[in-house]
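Here's the structure we're looking at; comments come further down.
Protein chains in written order, with the numbering used here: chain A, 1 to 98; chain B, 1 to 240.
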């Protein structure tokens, strides 16, 4: 990693408006409550967990879609078979009449 | 001549490849090139994907707004699918923003959450899009429900500018690092890292919108085919 970047040398100001225009740690909080590295890793992990969870949800939705499609295909196949059967029967009847 | 579906598939995979390369490059840049911030240390690197995640949330919300508005003007399955996909993208990136922001705040402010104007309005917007998805999941897929959802998609966007300007109007603790006058990122590599983050999240959001809208559209077409099958006297219910 590179060296620490130089940051604006302006002293921390006390007005709320100034405070919200640049990055500043809370004053008077000398001891470190949370490890920056751990927070960073947690944030990155959360990012990927959320994205992968979304992929899993879409995968599940596609699975449900596939099931409905299979049902529809099965019903259409059944109807087609019935129609074929009826057609064949009609053909036999016509042949017999001849 | 290539089928249009194939061309679209090719475009999708090309976009996927570009996104993968961009994300890898961005991760390299954030961790190995961009400097550590002087006062906050390494935790400031959350910023490079926290801000782009809210921006991607805006993209999703914008897609939901446009799709919903278009649906209200002239109802089509594609417009509804685009709106729904947009809402989902908004929720995904809103969730990322709401998780990563407090992790940064823990270090910067000493607390995970404050009822700061920007945090509160951002949470409200996230909840609006969660409500949209809950409505779509449980209210059915009738045209009335779709129109009602479209109205929510349009009205939900009203909060987006409020989030953006809340810091300027009401102050609060939330930093305002990105400004028209150059902002608080003082090192060029910091600016590049943030620019890369915006690019990556734009690509990811576009991929998600595309993939999700496609599934949604396929679902609508299947529902229509099922309805046609029932009209023809075919029973489409699953057996056992």
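Note that the Cβ used here is the ideal one computed from N, Cα and C, for glycine as well.
It should be emphasised that the depicted structure is a prediction, and the values quoted were computed from it without experimental measurement.
Contact list for residue i against chain B, beta-carbon separation under 9 Å
i: residue 37/A; result: 41, 42, 43
i: residue 92/A; result: Per Cβ cutoff of 9 Å: no residues; residue 92/A is ~24 Å from chain B at best.
Straight-line Cα distance separating residue j from residue i
i: residue 234/B; j: residue 117/B; result: 56 Å
i: residue 67/A; j: residue 71/B; result: 28 Å
i: residue 99/A; j: residue 74/A; result: For chain A, the structure presents residues 1 to 98; residue 99/A sits outside this window and is missing.
i: residue 122/B; j: residue 94/B; result: 8 Å
i: residue 43/A; j: residue 41/B; result: 15 Å
i: residue 50/B; j: residue 53/A; result: 18 Å
i: residue 107/B; j: residue 37/A; result: 10 Å
i: residue 64/B; j: residue 92/B; result: 13 Å
i: residue 192/B; j: residue 223/B; result: 46 Å
i: residue 83/A; j: residue 225/B; result: 19 Å
i: residue 109/B; j: residue 175/B; result: 11 Å
i: residue 197/B; j: residue 55/B; result: 10 Å
i: residue 65/A; j: residue 127/B; result: 27 Å
i: residue 87/B; j: residue 6/B; result: 27 Å
i: residue 60/B; j: residue 90/B; result: 4 Å
i: residue 78/B; j: residue 22/B; result: 29 Å
i: residue 58/A; j: residue 204/B; result: 15 Å
i: residue 45/B; j: residue 140/B; result: 42 Å
i: residue 43/B; j: residue 50/A; result: 20 Å
i: residue 207/B; j: residue 87/A; result: 49 Å
i: residue 186/B; j: residue 166/B; result: 24 Å
i: residue 56/A; j: residue 190/B; result: 33 Å
i: residue 195/B; j: residue 232/B; result: 56 Å
i: residue 19/B; j: residue 79/A; result: 46 Å
i: residue 155/B; j: residue 132/B; result: 11 Å
i: residue 62/B; j: residue 96/B; result: 17 Å
i: residue 92/A; j: residue 81/A; result: 16 Å
i: residue 80/B; j: residue 220/B; result: 10 Å
i: residue 29/B; j: residue 35/B; result: 10 Å
Residue i, buried or exposed, once every other Cβ within 10 Å from all chains shown has been counted against 16
i: residue 212/B; result: buried
i: residue 24/B; result: exposed
i: residue 45/A; result: exposed
i: residue 33/A; result: exposed
i: residue 112/B; result: exposed
i: residue 58/B; result: buried
i: residue 85/A; result: exposed
i: residue 230/B; result: exposed
i: residue 134/B; result: exposed
i: residue 9/B; result: exposed
i: residue 100/B; result: buried
i: residue 172/B; result: buried
i: residue 161/B; result: exposed
i: residue 119/B; result: buried
i: residue 104/B; result: buried
i: residue 13/B; result: exposed
Identity of the residues DSSP links to residue i by a beta bridge
i: residue 37/B; result: 41/B
Contacts of residue i in chain A (Cβ-Cβ under 8 Å)
i: residue 215/B; result: 58, 61, 62, 65
i: residue 222/B; result: 65, 68, 69, 72
i: residue 147/B; result: Per Cβ cutoff of 8 Å: no residues; residue 147/B is ~23 Å from chain A at best.
i: residue 92/B; result: 50, 51, 54
Residue i: contacting residues in chain B (beta-carbon distance under 8 Å)
i: residue 46/A; result: 96, 99, 100, 103
i: residue 79/A; result: 232, 234
Neighbour list for residue i in chain B, Cβ cutoff strictly below 7 Å
i: residue 42/A; result: 103
7 Å Cβ cut-off: residues of chain C touching residue i
i: residue 212/B; result: Of the protein chains in this structure, namely A and B, none is chain C.
beta-carbon residue i near the ligand FMN non-hydrogen atom, thresh 7 Å
i: residue 94/A; result: Because no ligand of any kind appears in the structure shown, any question about the ligand FMN cannot be addressed here.
Within chain A, partners of residue i - CB distance below 9 Å
i: residue 49/B; result: 43, 44, 47
Start-end ranges of the alpha helix (DSSP H) lying completely within the stretch 63–141 of chain B, minimum 4 residues:
77–108, 117–138
As an exercise, report each continuous alpha helix (DSSP H) stretch of at least 4 residues that is fully enclosed by the stretch 149–174 of chain B, in chain order.
159–170
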